[in-house]
Amino acid sequence: DIQVTQSPSSLSASVGDRVTITCRASQSIADSLNWYQQKPGKAPKLLVYAVSNLQGGVPSRFTGSGSGTDFTLTISSLQPEDFATYYCQQSYTSPDYTFGQGTKVEIK
Amino acid sequence: EVQLVESGGGLVQPGGSLRLSCAASGFTVSRNYMTWVRQAPGKGLEWVSLIYAGGSPYYAASVRGRFTISRDESKNTVFLQMNSLRAEDTAVYYCARSRGDSAWYGFDYWGQGALVTVSS
């Protein structure tokens with residue numbers, strides 16, 4: 001089974017900060033890495049698919065990058081609406097689409 | 109407009125059964141992968157089950173043999189039959205559809221979630 005490990009599990013940041021979240025897979029997963037944003041009491045929302053492609057309507061301050069086993073989600077200038085929990089998900093091993101443990105982005 | 113609406117959640121005793129429904133509109137469920145993902149209180153996301161466009165079902169090890177995923181194309185609805193429920197199955201259950209005709213590109217539409225509580 002492929003494991004995906006996210007770090008950090010939480011972080012505190014201020015509006016305008018640059019934020020980076022990392023996801024590491026236990027083996028190469030090509031470009032099958034997706035990122036989701038979840039706000040309290042709401043369903044997850046797809047932000048980035050296949051490593052670096054923004055889902056429609058997602059602001060350009062979100063950037064995905066990486067390859068193989070190491071991936072990052074970067075928010076270039078954190079906005080108030082970006083405080084949420086972020087999850088990575090690998091879709092390489094169909095159908096066991098493992099999620100990372102989540103990274104909670106909190107207001108500093 | 110694509111929409112997914114779950115129903116059927118509730119309180120059930122350990123060992124009991126419950127059936128969740130996910131009614132879809134704006135697309136045809138048989139043309140996408142449809143999945144169920146759950147989230148225990150205060151915890152992260154856990155993939156539970158998936159049905160391929162071709163109809164083949166798959167399950168996480170934690171629910172295999174107890175849960176059954178199915179779909180009714182006439183109703184454009186996906187179901188999750190949950191039997192032999194345990195306290196650790198307590199969670200919000202989300203249905204979601206694949207972005208395209210495979211899940212390589214993630215799941216782009218999600219329902220609002222259905223709360224399942226297993227307790228005596």
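The listed protein sequences derive, respectively, from chains A and B. Its first residue numbered 1, the first sequence is counted upward by one per residue in the working numbering. Its first residue numbered 109, the second sequence is counted upward by one per residue in the working numbering. All residues carry an ideal CB built from backbone N, CA and C; glycine is no exception. Please read all numbers here as calculations on a predicted model, not as lab measurements.
Below 8 Å between beta carbons: does that hold for T72/A and A25/A?
-> no
Please go through the same chain and pick out, in chain order, the residues whose beta-carbon is closer than 6 Å to the beta-carbon of Q101/A, but skip the five residues on each side of it.
-> Q6
How many angstroms separate the CA atom of S178/B from the CA atom of G152/B?
-> 25 Å
Counting only the same chain and skipping the five closest in sequence on each side, list residues whose C-beta sits under 6 Å from that of T93/A.
-> I2
Report yes if the CB atom of L78/A is closer than 8 Å to the CB atom of V51/A, and no otherwise.
-> no
Straight-line gap, L126/B to N191/B (C-alpha atoms, nearest Å) | 7 Å
Any residues in the region 90 to 103 of chain A with a beta carbon nearer than 9 Å to a beta carbon of chain B? Which ones, in chain order?
-> S91, Y92, S94, P95, D96, Y97, T98, F99, G100, Q101 and G102
Integer Cβ distance of V171/B from W155/B, believed to fall under 8 Å | About 10 Å; that fails the 8 Å criterion.
Closest by CA to F215/B, which one among K104/A, T103/A and C88/A?
-> C88/A
Contact set between the region 147 to 175 of chain B and chain A, restricted to residues whose Cβ is under 8 Å from the partner | G152, L153, E154, W155, L158, Y160, Y166 and A168
C-alpha gap between S115/B and S129/B, whole angstroms | 5 Å
Give a yes or no on whether the C-beta atoms belonging to A222/B and Y201/B are separated by under 8 Å.
-> yes
So the beta strand (DSSP E) N140/B belongs to, where does it begin and stop?
-> No beta strand (DSSP E) holds N140/B; DSSP gives it neither H nor E.
With 16 as the cutoff for other CB atoms within 10 Å, does I159/B come out buried or exposed?
-> buried
Cβ-based burial, T136/B [other Cβ within 10 Å; buried from 16] = exposed
Selection from K39/A, V15/A, G16/A and S67/A that minimises the alpha carbon distance to T103/A = K39/A
A43/A versus chain B: which residues are under 7 Å apart at the beta carbon?
-> Y202, W218, G219, Q220 and G221
Show which residues of chain B have a CB atom less than 7 Å away from the CB atom of Q55/A.
-> D216
Locate the beta strand (DSSP E) running through A169/B, then write down its first and last residues.
-> It is not in any beta strand (DSSP E) - A169/B carries neither H nor E in the DSSP assignment.
Can you give the beta carbon distance from Y141/B to S206/B, rounded, assuming they're within the 8 Å contact cut?
-> 4 Å
Contact residues within the region 183 to 214 of chain B, judged by C-beta distance below 7 Å to chain A = Y202, R207, A211, W212, Y213 and G214
Considering only residues of the same chain and omitting the five flanking positions on each side of G124/B, which have a CB-CB separation below 6 Å?
-> L193
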